[in-house]
Every structure is written in C-alpha cells, then in structure tokens.
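Only one structure is covered here, and it is reproduced in the block below.
The structure is reproduced here in structure tokens:
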C-alpha cells in the first residue's frame, strides 16, 4: 500500500504553510510521515507540496510539485501510483496520527472491497481523547460522528470522482450542505436524525457509480486536524 500526503498550501488556508508549522521542534508533516512509517502496510510515501521545502522532510520517497487546488493535488499525487489496486490519501495536518491508527483503517477498508473508504469517529471517543478539540459533528442513526482526514481509494476511479468530490471536500465540515448535495430524502432523514450510514453509502454509489464505505474508527487521532492558529496550541498540549 502506498500513501499520498497532501502538503500543499492555498490562499484559503487559515494556517499558511501548515505542513511546516513547528510543533515541538518538528514540522507538522513529519509527524504524519512518522506515523505512516510505523505502519508496516505502507511502502512508498509521496508528498504534494513545495518541492524545496519537502526536501527537508525525512521519510518521503516521492516529491510532487503542488497545483492550485486540492483536487488537482490529489490527481498529481496519485499519478505515481495510478496502477495500484488501492492507495491512501491523507492530509499533512493530523500530527496526532499513529501507525496503529493507519494500519487499523487500512485493515478495515481492505475487508470492504470498496473503491472509496472514509473514516468516521464517534463524538464520545473523540472527546475522551481530545476534550479541548473543536470538531464539526453530524448525527446519524448510529450515533454522532466526526470525519477523518484519510481516504482509501481505488486510483482507477479518481477521474470519475473529481467533479463531485470537489463539492464533497468543500462541504465536508458543513453537514447541512453535504446533506443537501446528497439529495432530498437523505436531507430529510438527516434533519430528523434518522439517516443511516448505509443510506449515505448507497447515495454515494448512486452519485459516483462506485462502492463507498464509511469506516468507524476507534482512533480519534485520525481526524483531529490542525488548520487554525488556535489549533496549534492544542496540538502542542497533546503531543
């Protein structure tokens, strides 16, 4: 299994050049690379971002120059692994990530046979581990969850995903807009707290023509990102 770290910087970022924010003497991206290296399922690591700065980071096998948008960075990052059966794509701003969390996610995703897997974490698990974390939560039939920052993807379906995925990425922290995008029935069920994970999975299959699965992770480290100045203080506290 190969991995792609999205380490680019855009004008919309509230925390400029966040991959290289110093957290206790190390770049934030270095924590992510370390976690990937601690998972024996990971072979090569590609990182998309500023080539000159990424050269300073140990453990990266392939450096890919960044594009102007997140989705273009995804396309560029996956290119070296386009013939792989599956690849994982993750952001550079999850410094709490551990090798154990990565391996657990991959193992669960592999069992599904899905083209796309996305981790979700129960609110109670997240607050138990990170009580100060400010996260966006969504209520579904199975409970209240927040999303993760890592994807398990079939490279063969990446191009098919790009158009709609741009909307999903833009709305991933806005549950109401995400529900609207998914359709009236899903939105109604979401509003009354009765939409189920399987409802959403079926809608994803309908929209994209692929098999998508939500993976419930017991590792909050997989979803607590550091993308604002106030998050940096929290990161230093918990690292």
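Residue numbers (full-length UniProt numbering): 1 to 239. For glycine and all other residues, C-beta sits at the position ideal for the given N, C-alpha and C.
Roughly how many angstroms separate the alpha carbons of residue i and residue j, rounded to a whole number?
i: residue 216; j: residue 5; result: 21 Å
i: residue 145; j: residue 225; result: 15 Å
i: residue 142; j: residue 193; result: 9 Å
i: residue 227; j: residue 236; result: 13 Å
i: residue 119; j: residue 52; result: 32 Å
i: residue 197; j: residue 30; result: 33 Å
i: residue 62; j: residue 44; result: 8 Å
i: residue 162; j: residue 75; result: 8 Å
i: residue 223; j: residue 151; result: 11 Å
i: residue 211; j: residue 155; result: 13 Å
i: residue 204; j: residue 183; result: 11 Å
i: residue 89; j: residue 234; result: 24 Å
i: residue 22; j: residue 185; result: 45 Å
i: residue 99; j: residue 34; result: 8 Å
i: residue 3; j: residue 64; result: 13 Å
i: residue 108; j: residue 199; result: 20 Å
i: residue 54; j: residue 26; result: 13 Å
i: residue 1; j: residue 122; result: 26 Å
i: residue 57; j: residue 239; result: 19 Å
i: residue 147; j: residue 132; result: 17 Å
i: residue 206; j: residue 149; result: 23 Å
i: residue 229; j: residue 134; result: 13 Å
Does residue i have its Cβ less than 8 Å from a Cβ in chain C?
i: residue 98; result: Here chain C cannot be found, since the structure has a single protein chain.
Could you check where the beta strand (DSSP E) with residue i kicks off and where it finishes?
i: residue 9; result: Segment: none, residue 9 is in no beta strand (DSSP E) and carries neither H nor E.
i: residue 45; result: 45-49
i: residue 81; result: Element bounds for residue 81: n/a, residue is neither H nor E.
i: residue 232; result: Per DSSP, residue 232 belongs to no beta strand (DSSP E); it is in the alpha helix (DSSP H), 229-238.
i: residue 151; result: 150-153
Name, in chain order, the residues that DSSP records as bridge partners for residue i.
i: residue 122; result: 145
i: residue 4; result: 46, 89
i: residue 127; result: BP columns for residue 127 are empty, so no partner.
i: residue 65; result: 49
i: residue 103; result: Answer is none; residue 103 lacks a bridge partner.
i: residue 140; result: 143
i: residue 224; result: Looking at the DSSP assignment, residue 224 forms no beta bridge with any residue, so it has no partner.
i: residue 116; result: 153, 212
i: residue 22; result: 27
Just mark residue i as buried or exposed, buried being the case when its beta carbon has 16 or more other beta carbons within 10 Å.
i: residue 113; result: exposed
i: residue 249; result: Lying before the first or after the last residue shown, residue 249 is absent from the chain, which here runs from 1 to 239.
i: residue 13; result: exposed
i: residue 221; result: buried
i: residue 97; result: buried
i: residue 128; result: exposed
i: residue 59; result: exposed
i: residue 213; result: buried
Along the chain, where does the alpha helix (DSSP H) containing residue i start, and where does it finish?
i: residue 91; result: Looking at the DSSP string, residue 91 is not in any alpha helix (DSSP H); the run it does join, the beta strand (DSSP E), is 87-91.
i: residue 37; result: 28-37
i: residue 213; result: That residue, residue 213, is in no alpha helix (DSSP H); its beta strand (DSSP E) goes 212-217.
i: residue 208; result: 197-208
Restricting to Cα atoms, I'd like to know which of the options is closest to residue i.
i: residue 68; options: 125, 20, 85, 9; result: 9
i: residue 40; options: 26, 105, 127, 82; result: 105
i: residue 42; options: 92, 24, 86; result: 86
i: residue 91; options: 229, 84, 70, 111; result: 70
i: residue 164; options: 93, 208, 149; result: 208
i: residue 125; options: 20, 116, 137, 160; result: 137
i: residue 24; options: 95, 57, 81; result: 95
i: residue 83; options: 93, 153, 140; result: 153
i: residue 7; options: 38, 80, 49; result: 49
i: residue 160; options: 80, 115, 130; result: 115
i: residue 47; options: 16, 38, 80, 15; result: 80
Report yes if the C-beta of residue i is less than 7 Å from at least one heavy atom of the ligand NAD; otherwise report no.
i: residue 8; result: Judged by which ligands are present, the structure shown has none, so any question about the ligand NAD falls away.
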